[in-house]
Structures are given as C-alpha cells and as structure tokens.
Amino acid sequence: MLNVLLLKEKKKFKFPYLGIYSMLIYLFLYIPLIVVVLFSFSGTKSTVSFSSVTIKWYQELLKNSSLLSSLLHSLQVSLTAVFIAVIIGTSGAFFIVRANFPGKRLFITLAQLPIILPGIIIGIAMLIFFINLNIPLSMFTITMGHVSFTTPVIMFQVTSRLLRLGRTYEDAAKDLGANPIKTLFLVTIPMIKTAIIGGALLAFAMSFDEIIITYFLTGSWTTLPVFIYGMMRFGLSPQVYAISTVILFFSLIIIFFMARFTGTRAEELEVKK
Amino acid sequence: MALTKNLAKQKLKEKKQKSFIAGIPITVWLFIIVLVPVFLMFVMSFRQKSGYEILNVFTISNYLEFFRNDTFWRLLLKSFRMAFMVSISAIITGYPLAYFVSRRLRRFRNLFYMLIITPLWVSYLVRIIAWRTILGNRGLINTALLNLGIIKEPLSIFLYNQASVVLTLTYIAIPFVFIPLYTALEKIPNNLIDAARDLGASEARTFINVIFPLSLPGLVTGFMLSFIIALGDYIIPAQLGGNAGIMYGNVVWAQFGGAFNWPFGAALGFILFFIAAVVLVIAQIFGSKEGIFAE
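Note that the protein sequences, when read in sequence, are chains A and B.
Counting from 78, one number per residue, gives the positions in the first sequence under the numbering used here.
Counting from 2, one number per residue, gives the positions in the second sequence under the numbering used here.
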C-alpha cells in the first residue's frame with residue numbers, strides 16, 4: 078500500500094509538450110479544409126467577409142451545365158474503373174495469397190507500382206501506349222488510367238483480409254461436405270465482402286478526384302477535377318470553393334463508410350452472423 | 002494407399018490450377034497497364050522528333066541532351082533538394098504525431114488515426130485550392146495582416162516560391178509518413194520499454210536506444226514515399242510555385258504539352274522512373290515490409 082502511494086507521488090505532473098505539438102499538427106491538417114468551406118459561403122468574391130453569408134454559389138453550380146456534365150463524366154469513369162478493379166483486384170488477391178510461383182515477390186512489387194510510382198510516370202507511359210495503338214484520348218483512356226491505381230488498392234485490401242482469415246473456415250466448410258462453389262459463395266465471399274466494399278469505396282474516393290494521371294489521358298472529354306483545374310486558371314472563384322466543399326462532404330461520407338467496412342471489427346461481425 | 006495418395010496429389014494440382022486461373026486477370030492487367038506502357042515509354046525515349054513527326058530512329062541523343070543541357074539536370078537537382086526538404090519536414094511533423102497516437106493515446110486512438118489518414122483521401126485538388134487561398138495575394142494571411150494594420154499592401158512573398166511548394170507538398174506527404182511510422186511504433190512491445198525503464202534508462206534514453214532504432218524501418222519507408230511523391234509532382238509546383246518553384250515534373254509535362262517533344266519527354270520520364278525505382282529498392286531493403294495501402 079505504501080509502495081503504491083510512493084509510486085503515485087513519484088509520478089509528477091509533466092507538461093504535455095507532445096500532446097500540444099500533435100494538436101497543432103491536427104490544426105495544420107484541418108484548418109486549410111475549413112477555410113475552403115468557409116469561403117464557399119462568403120458573399121463577397123475576393124476576400125473573407127462573413128457579413129454576407131450566402132448559398133448563391135451553390136445555386137450557381139446547379140446552373141453550370143458544363144460542370145454538371147463533367148461531374149457525370151467523373152461518376153461514369155470512377156464507377157466503371159472501380160467495377161473493373163474489383164474483379165481484377167479480388168481475383169488477383171486470391172492469386173497472390175493462394176498460388177505459389179517463382180518470382181512472386183517481384184510480381185507483388187510490380188503490381189504495387191501504380192500506387193507508389195509518381196502518377197506522372199504512369200500518365201506518360203499510358204499516353205504513349207494509347208498513341209502507339211492509335212486509340213484516341215477519350216473516356217476509355219481515362220478509365221484505363223484509373224484502373225491502374227484502383228486495382229492494387231482493392232487487391233491489397235482483400236489480400237490482407239485473406240491472409241488474416243487463413244484457410245481454416247474454408248477447410249471446415251469442405252469437411253462438412255460443401256463443394257468448392259458452395260464454399261466460395263457461402264463462406265469465403267461473405268467473409269471478404271466487407272474488405273471488397275471497403276477497398277472499392279477507397280478506390281472510388283481516390284479515382285473521383287484523381288488528376289495527375291487523368292490530365293495526360295484527357296482529350297476534350299473532361300472529368301470533374303480536370304474541369305475544376307481549368308476553372309482555377311482564371312483564379313479561385315467562389316464556385317470553385319462551392320464545388321470543393323461538395324467534394325469534401327462526399328469524400329468524408331465515403332471515408333466514413335470505408336472505415337466501417339475495413340479493419341478487424343468488420344469481419345468479426347460477418348463471422349458471428 | 003497409393004491410390005488415395007494419388008488422389009490427394011491430383012486434388013492439390015486442381016487447387017493449384019484454380020489459383021492460377023484466378024491469376025489471369027491480374028497478369029493481363031500488369032502487362033497492359035504497367036509493363037508494356039513503361040516499355041513503350043522506354044522505346045519512345047530513343048526516338049527523335051522532327052517538326053510534328055516522331056521519326057522511327059534509334060538514338061541516345063535525348064539522354065545526351067539531358068546531360069549536356071544543364072537546365073535539365075540542374076532542375077532535377079533542385080527538385081531533389083525540394084523533395085528532400087519535404088521528406089524532412091514531413092518526418093518532423095509526422096514522427097511526433099505517430100508517436101503520440103500510437104503510444105500515448107488509448108481511448109481515441111482509432112479516431113485520431115483516422116483523422117490523419119482522412120486528408121489522404123480528401124481531394125488533392127481541394128487541398129491545393131486551400132493553400133492558394135491561404136497564401137495568395139488576396140489570401141487569408143494577407144487579409145489578416147492588412148486588417149491588423151501590420152502591412153499596407155498585400156505581400157506576394159507567401160505564394161509562388163519554393164517555400165510554398167515545399168509547404169503544400171509536406172501537407173500532402175504527412176499521412177504517407179505517418180502510416181508506416183505508426184505501424185512500426187505500435188508494434189514495439191511494451192515490456193521492452195518497461196525493461197529499459199527498470200534498468201534505469203531515462204525516458205529520453207529509452208527513446209534513443211530502444212524506440213527510435215525499432216522505428217527506423219518505418220522511418221525509411223515514410224521518407225522514401227514522401228520523397229517520391231514530392232519529386233514526381235507537377236500540379237502543385239504549377240499551381241503554387243510560379244517561376245521560382247518550378248520542378249522537374251513541370252518540364253516533363255511541358256514536353257507533352259506546349260513543347261511537343263514526346264521522345265525527349267519520355268527520356269525525362271524514364272530518368273524519373275529510374276530514380277524512383279532506386280529509391281523504392283532502398284525502401285524495400287531497409288524499410289518496413291508492410292505495404293502502405295494494406296488494411
């Protein structure tokens with residue numbers, strides 16, 4: 078008892094330098110985003126003035142037909158790219174977890190390249206590829222560009238889930254008399270479903286605002302980020318802030334759901350069911 | 002007995018075949034999206050342009066031009082310096098943060114982890130817009146200084162220089178440094194630290210002799226990732242750099258836009274690819290083994 082008291086006494090108050098430093102970095106990370114949101118409601122065009130809070134920039138967005146069509150283009154590109162990436166990425170995850178072949182490590186490293194190389198390299202390389210094949214820059218080329226980085230994102234989410242689950246559940250299903258197809262649809266896929274959904278959401282969020290690769294593969298058919306980039310050439314208009322706020326808002330929603338679908342807790346839920 | 006053995010062998014073979022069928026889409030993807038395009042870029046870098054045509058010749062003149070014309074390698078060196086500064090700043094901000102979240106927090110650890118990762122997935126363009134808003138001529142800092150009466154005219158020193166580019170790239174790079182560092186720090190068993198303390202090491206000494214060495218692989222991976230990201234960017238220098246903050250990526254981009262010299266652009270791109278590959282190999286050898294995008 079005395080010992081405990083002595084120990085407690087020894088633990089004197091320490092000034093939380095680290096905590097305060099960390100909180101300052103959190104502010105550094107979030108203040109810029111908050112600034113964008115605030116500017117989108119500002120009535121005056123150039124500086125901040127909160128005397129006139131307005132939503133007129135949002136109403137103008139709805140009238141801007143070229144902006145709306147680029148938004149539609151972005152949705153088309155991202156949904157298509159994520160759909161393709163789910164198929165390639167999930168099957169690829171089974172491949173790199175279950176199959177053994179020489180050069181597997183090299184294969185995995187190469188498959189990671191689109192997410193760790195600077196986007197400009199993938200952009201140039203794919204541009205040269207399409208021009209060599211005489212494929213004109215279009216929605217197709219942009220979508221292929223997005224398949225480049227969405228695929229490994231989904232593949233590595235599913236891979237880590239497969240590695241963590243191991244084969245025990247599948248072996249149990251087989252022992253209980255389920256055929257391979259039954260095992261796949263009743264055991265394996267339900268257990269990796271949340272990883273696929275989480276990976277797909279993450280890939281969608283990355284694809285939706287991708288510009289570095291897209292900028293190389295864009296002809297006259299533009300996506301939303303390329304369109305906004307064009308708007309930025311004439312200075313930052315209130316409309317740019319308004320559309321940025323909308324994008325921020327939707328990204329946060331997607332990330333929220335992604336966080337719920339990935340991580341250890343998600344699959345525990347599935348197994349319990 | 003032998004029969005069952007054979008049967009088992011056959012089943013194993015079937016299983017293997019199934020795994021290999023699953024490998025077809027990803028292998029096709031790897032060839033079409035990564036290997037063939039990079040190879041074609043390499044081939045293009047030996048071509049020569051003449052007017053608006055790309056000649057079907059094979060020459061190393063593009064690479065010679067890179068070494069002969071000092072604008073290009075000087076710009077690459079400058080980009081190296083800037084990328085290095087980005088990595089260092091990202092570590093100075095990201096390391097204490099990773100230490101704090103992984104070792105000091107308990108209850109809200111996941112929340113604070115997510116709060117750092119989230120900007121990674123929130124629009125890249127929006128974050129550029131944000132920093133232009135803060136640093137610009139009519140931006141937040143200038144407005145504040147004007148209103149406080151500290152300055153009479155807006156200052157243009159905040160935007161369009163190297164510092165604004167390094168700042169914004171650091172902002173982008175922090176999560177990339179944070180993730181591998183967090184993973185490395187979180188894995189250090191508590192009893193190692195307890196042992197060090199029991200043996201009389203002070204908190205600072207425990208950090209220097211135990212925690213820091215164990216976090217080194219994460220540090221290397223974070224450093225290399227942010228270095229590559231900074232080195233290859235062309236949008237941020239174009240948006241916030243002005244003439245002073247221009248980087249290697251901008252020149253590469255220009256060869257495909259205004260300058261219209263694809264073979265030379267491909268050569269510049271391949272040089273960047275080579276540098277990135279070297280950096281990644283270093284990261285593979287000395288860095289942490291987990292991929293950054295794993296769950």
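Beta carbons: idealized from backbone N, C-alpha and C, even for Gly.
In the structure shown, residue 50 (chain B) adopts extended strand secondary structure according to DSSP, grouped into three states. Closer than 8 Å to the CB of residue 203 (chain B) there is not a single CB belonging to chain A. For residue 56 (chain B), the secondary structure class from DSSP, reduced to helix, strand or coil, is strand. If you compare the alpha carbons of A:110, A:171 and A:323 with that of residue 233 (chain A), the shortest gap goes to A:171. Rounded to whole angstroms, the separation of the alpha carbons of residue 137 (chain A) and residue 109 (chain A) is 24 Å. Distances from the alpha-carbon of residue 87 (chain B) to those of B:269, B:164 and B:68 put B:164 closest. Cβ-Cβ separation between residue 280 (chain A) and residue 174 (chain A): approximately 19 Å, too far for a contact (criterion under 8 Å). Contacts between residue 273 (chain B) and chain A, judged by CB atoms closer than 8 Å, involve 195, 197 and 198 in chain order.
Secondary structure of residue 119 (chain A) (DSSP, three-state): strand. In the displayed model, residue 130 (chain A) falls within a strand according to three-state DSSP. Relative to the Cα of residue 332 (chain A), the nearest Cα in the group B:107, B:61, B:21 and B:117 belongs to B:117. Contact with chain B is absent for residue 296 (chain A), since none of that chain's Cβ atoms lies less than 8 Å from the residue's Cβ. Around the C-beta of residue 286 (chain A), 16 or more other C-beta atoms lie within 10 Å, and the residue is accordingly described as buried. From the listed residues A:290, A:166, A:150 and A:105, the smallest Cα separation to residue 23 (chain B) is found for A:166. Taking C-beta separations shorter than 6 Å and ignoring five residues to either side along the sequence, the partners of residue 216 (chain A) in its chain run 298, following chain order.
Closer than 8 Å to the CB of residue 246 (chain A) there is not a single CB belonging to chain B. Taking C-beta separations shorter than 7 Å and ignoring five residues to either side along the sequence, the partners of residue 269 (chain A) in its chain run 235, 238 and 239, following chain order. For residue 306 (chain A), the enclosing alpha helix (DSSP H) begins and ends at 301-309.
If you draw a 10 Å sphere on the C-beta of residue 251 (chain B), you find 16 or more other C-beta atoms in it, and that means buried.
A contact between stretches requires three or more CB pairs, one per stretch, nearer than 8 Å, and the stretch 204-224 of chain B meets this requirement with the stretch 172-189 of chain B. Short of 7 Å from the beta carbon of residue 265 (chain B), and not among the five residues preceding or following it, lie these beta carbons of its own chain, in chain order: 63, 66 and 256.
Where residue 63 (chain B) is concerned, the enclosing alpha helix (DSSP H) starts and stops at 62-69. C-alpha of residue 223 (chain A) to C-alpha of residue 314 (chain A): approximately 28 Å in a straight line. Membership of residue 232 (chain A) in the alpha helix (DSSP H) is indicated by the continuous run 216-242. For chain B, the residues of the stretch 91-111 of chain A that bring a beta carbon within less than 7 Å of one of its beta carbons are 95, 96, 98, 99, 102, 103, 106, 109 and 110, in chain order.
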